[in-house]
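Q:
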Amino acid sequence: MLRRFSYVGFVAAILAALLIVLPAGAQDVIWPTDGWQTSTPEAQGMMSGQLAAFFETWSQDYLNLDSLIVVRNGYIVAEAYTPLNNPDLKHNLYSVTKSFTGALIGVMLQDGLLEGLDTPVLELFPDRTVQNVDERKTALTVRDLLTMSPGLECNDMQAGFLERGTSDLMEEAADDLQFALDLPMAAAPGEVWNYCNTFTQILSGIITEKTGMTALDYASEKLFKPLGITDVAWAESQTGLSLGYSGLYLTPRDMAKFGYLYLKQGQWAGEQIIPADYAAASLSSQIKTPWDAVPYGYLWWGFDPVQVSYALGYGGQYILLVPNSDLVVVLTGGVTEAVRPAINAFPMFFAAGALSVSDTALPENPKEVSHLEQVITNIGSPDPQPVPELPALAAQISRKSYMLTSPRLFISSKSDERFMNYKGLTAALDVQKLVFTFDDSDESLLTVNFVNGETWAIPLGLDGLYRESDGPFGPVGAKAVWLDDSTFRVYLKHVGETFLHRFDFNFKPGTLDIISFETASAGANAIMAWMMP
166 MLRRFSYVGF
176 VAAILAALLI
186 VLPAGAQDVI
196 WPTDGWQTST
206 PEAQGMMSGQ
216 LAAFFETWSQ
226 DYLNLDSLIV
236 VRNGYIVAEA
246 YTPLNNPDLK
256 HNLYSVTKSF
266 TGALIGVMLQ
276 DGLLEGLDTP
286 VLELFPDRTV
296 QNVDERKTAL
306 TVRDLLTMSP
316 GLECNDMQAG
326 FLERGTSDLM
336 EEAADDLQFA
346 LDLPMAAAPG
356 EVWNYCNTFT
366 QILSGIITEK
376 TGMTALDYAS
386 EKLFKPLGIT
396 DVAWAESQTG
406 LSLGYSGLYL
416 TPRDMAKFGY
426 LYLKQGQWAG
436 EQIIPADYAA
446 ASLSSQIKTP
456 WDAVPYGYLW
466 WGFDPVQVSY
476 ALGYGGQYIL
486 LVPNSDLVVV
496 LTGGVTEAVR
506 PAINAFPMFF
516 AAGALSVSDT
526 ALPENPKEVS
536 HLEQVITNIG
546 SPDPQPVPEL
556 PALAAQISRK
566 SYMLTSPRLF
576 ISSKSDERFM
586 NYKGLTAALD
596 VQKLVFTFDD
606 SDESLLTVNF
616 VNGETWAIPL
626 GLDGLYRESD
636 GPFGPVGAKA
646 VWLDDSTFRV
656 YLKHVGETFL
666 HRFDFNFKPG
676 TLDIISFETA
686 SAGANAIMAW
696 MMP
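Using the working numbering, the letters of the sequence shown map in sequence onto residues 166 to 698.
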């Protein structure tokens with residue numbers, strides 16, 4: 166008896182030791198359907214000190230971070246939100262939406278609603294008469310749309326140099342899907358990769374054609390519900406189709422769930438949501454892009470030097486997968502698009518790929534855990550800065566009205582126009598005059614008077630911290646600083662969006678020069694105003 170008891174005790178001790186050294190993810194797959202569990206990095210084989218440095222790097226002011234999450238073994242090991250953001254706030258995913266559209270094609274395969282990826286596209290729209298049909302268009306398949314290689318005449322990478330790009334024209338068309346299907350062919354399908362929103366709008370049309378539901382409704386039932394994602398918004402076209410290429414709003418934690426689904430080969434809690442081979446193919450190189458190290462899968466990007474896959478959205482929205490490390494990294498923000506690859510994307514991929522991971526739990530390190538927690542606190546709740554003494558000019562212009570020579574104060578670029586169009590606000594944002602109010606507090610007030618008679622009072626933090634207010638395009642954070650005795654700089658951050666407007670108000674005797682600059686698009690606009698008697 167004693168001998169047997171000792172043996173059982175010995176085995177129990179060994180099992181207990183194994184549970185101590187094995188990360189939780191190595192024991193059981195964690196499914197965050199009802200919400201993410203959190204863990205110390207060390208318990209999941211990561212180092213708190215290294216993550217602290219990672220979070221400090223990607224929260225620097227010039228990167229305009231909104232949120233950053235790192236998931237290992239199914240646990241959130243670190244997450245941070247800058248002021249104005251929080252875990253429950255939905256963020257515009259922009260082109261990350263494309264990867265969700267691609268996922269729904271996989272769900273249709275799983276449900277048997279789509280015979281295969283080599284199904285000709287035109288066969289899926291038997292009730293439509295399509296223009297510019299030739300042998301190439303007849304051969305165009307669903308797979309070609311997923312790999313951005315349908316051969317249709319469209320290249321959004323060149324749209325910035327055109328007055329109106331193809332995707333802009335599609336958005337203005339009475340029937341966006343018909344416009345997309347009618348495009349002439351420029352190459353044989355499957356041969357040339359060209360990035361184009363129009364291609365994924367056709368996929369959205371296919372989803373609706375085969376399911377009788379919008380992409381949003383189909384996703385809500387077949388994709389979001391199994392993952393426990395309930396708070397969703399998705400912009401529509403004029404014809405009621407969900408935008409296949411942009412306009413999906415999710416919380417960063419729900420973005421991480423989507424990444425985790427692909428990390429687990431399309432399976433979730435014992436249910437195969439997306440076929441495993443389709444999920445794997447989505448993250449694999451299907452076609453070359455103009456950049457040698459950047460292959461393209463099924464509406465997912467890759468980066469060969471560090472073997473990562475990622476969904477990518479305008480201004481720096483990412484769902485980054487590091488399969489060999491069982492890592493999901495989610496980042497949202499508002500980086501200038503023209504320089505995003507150089508200062509944000511590729512450096513982050515290398516940094517994420519370099520994060521150390523262990524197959525066994527590391528010894529707990531309370532000191533470094535505390536340091537990481539402090540870094541995250543500093544990101545989310547920065548200290549207010551001393552308010553400098555206001556220049557004499559502030560009192561002179563306070564409560565004076567300035568009439569604008571142009572109403573387009575909030576439109577600095579084509580990207581702004583597209584955003585305002587989605588919100589249905591372009592015409593409603595015509596600005597007539599501005600009023601600045603200064604006192605001795607740590608904030609000032611900018612009152613915007615619109616042509617339609619409405620007003621918007623915007624509190625501006627002078628202590629380096631945003632003040633939040635509700636405007637015509639939703640909640641906005643605003644802060645300001647005097648650059649010199651006559652130039653007042655105002656920052657307007659659109660909450661849940663990538664857009665960050667910067668206005669430089671240069672006051673002169675009786676007049677006002679305004680430079681409006683939008684960070685993500687790097688679009689600028691110059692406006693003049695004069696002081697009203």
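We treat Cβ as the ideally placed atom computed from N, Cα and C, and that holds for glycine.
For clarity, every value in this text was computed on a predicted model and none was experimentally measured.
#1: Counting along the chain, where does the alpha helix (DSSP H) carrying Lys302 start and finish?
#2: Please state whether DSSP places Gly467 in a helix, a strand or coil.
#3: When DSSP labels each residue in this structure, what does Val646 get in the three-state scheme?
#4: From Gly393 to Ser563, what does the alpha carbon distance come to, in whole angstroms?
#5: Could you say if the region 605–618 and the region 626–636 meet the contact criterion of at least three C-beta pairs nearer than 8 Å?
#6: Give the straight-line distance between the Cα atoms of Gly589 and Ala526, rounded to the nearest whole angstrom.
#7: Measuring straight from C-alpha to C-alpha, what distance separates Gln417 and Lys532?
#8: Say whether the region 506–514 touches the region 679–697, bearing in mind that this needs 3 or more beta-carbon pairs closer than 8 Å, one atom from each stretch.
#9: Starting from the N-terminal side, write out each stretch of the alpha helix (DSSP H) that is 4 residues or longer and does not extend beyond the region 473–545.
#10: Within 10 angstroms of the Cβ of Glu529, are there 16 or more other Cβ atoms? Answer buried if so, exposed if not.
#11: My output table needs one value for Ala444: the three-state DSSP class, helix, strand or coil.
#12: Taking the straight line between their C-alpha atoms, what separation do you get for Ala460 and Thr312?
#13: Just checking my contact of Gln202 with Arg237 at CB under 8 Å: how many whole Å lie between their CB atoms?
#14: State the start and end residues of the unbroken alpha helix (DSSP H) segment that holds Leu428.
#15: Measure the beta-carbon distance from Val616 to Asp595 and round it to whole angstroms, keeping in mind my assumption that it falls under 8 Å.
#16: Would you mind stating whether Phe265 and Leu413 have Cβ atoms separated by less than 8 Å?
#17: Can you check the region 247–333 for any alpha helix (DSSP H) of at least 4 residues that lies completely inside it and give the ranges in chain order?
#18: Excluding the 5 residues flanking Phe638 on each side, which residues of the same chain have their C-beta closer than 6 Å to its C-beta?
#19: DSSP on Pro391, reduced to helix/strand/coil?
#20: Run through DSSP, which three-state label would Met350 get?
#21: Classify Leu187 as helix, strand or coil using the three-state DSSP reduction.
#22: How would you label Leu327, buried or exposed, when you count the other beta carbons within 10 angstroms and need 16 or more for buried?
#23: Per DSSP, what are the beta-bridge partners of Pro624 in this structure?
#24: Tell me whether the beta-carbon of Gly330 lies closer than 8 Å to the beta-carbon of Asp341.
#25: Going by DSSP, what residues sit across from Lys588 in a beta bridge?
#26: Return helix, strand or coil for Trp433, following the three-state DSSP convention.
#27: Since Ser521 and Met211 should fall inside the 8 Å C-beta cutoff, what is the C-beta to C-beta distance between them, to a whole number of angstroms?
#28: If His666 sits next to Leu657, beta carbons under 8 Å apart, how far is it from one beta carbon to the other, in whole angstroms?
#29: If you drop the 5 nearest sequence neighbours on each side, which residues of the same chain put their C-beta closer than 6 Å to that of Gly499?
A: Answer, in terms of the structure:
#1: Glu300 to Ala304
#2: strand
#3: strand
#4: 51 Å
#5: Yes: the two stretches touch, three or more of their Cβ pairs being nearer than 8 Å.
#6: Here the C-alpha atom of Gly589 lies approximately 51 Å from the C-alpha atom of Ala526.
#7: What sits at residue 417 in the sequence shown is Pro, not Gln. Approximately 28 Å, taken between the alpha carbons.
#8: no
#9: Taking only runs of at least 4 residues, the alpha helix (DSSP H) segments lying wholly in the region 473–545 are 511–518 and 531–545.
#10: exposed
#11: helix
#12: Note that residue 460 is Pro in the sequence shown, not Ala. Computed Cα separation, rounded: 10 Å.
#13: Wrong, their Cβ atoms sit about 11 Å apart, outside the cutoff.
#14: Pro417 to Leu428
#15: 4 Å
#16: yes
#17: 261–276, 300–304 and 307–311
#18: Lys588 and Leu590
#19: helix
#20: Reduced to three states, the DSSP call for Met350 is strand.
#21: Below a pLDDT of 50, predicted positions are generally treated as unreliable, and Leu187, at 41, falls in that range; no measurement from the model is reported.
#22: Any reading at Leu327 must be qualified, since the residue scores a pLDDT of 44, below 50, and its modelled position is unreliable; the value itself is stated next. Exposed is the call here.
#23: For Pro624, DSSP records a beta bridge to Leu610.
#24: no
#25: Answer by DSSP bridge pairing: none, since Lys588 is not bridged.
#26: strand
#27: 7 Å
#28: 4 Å
#29: Asn229, Gly480, Thr663, Leu665, Thr684 and Ala685
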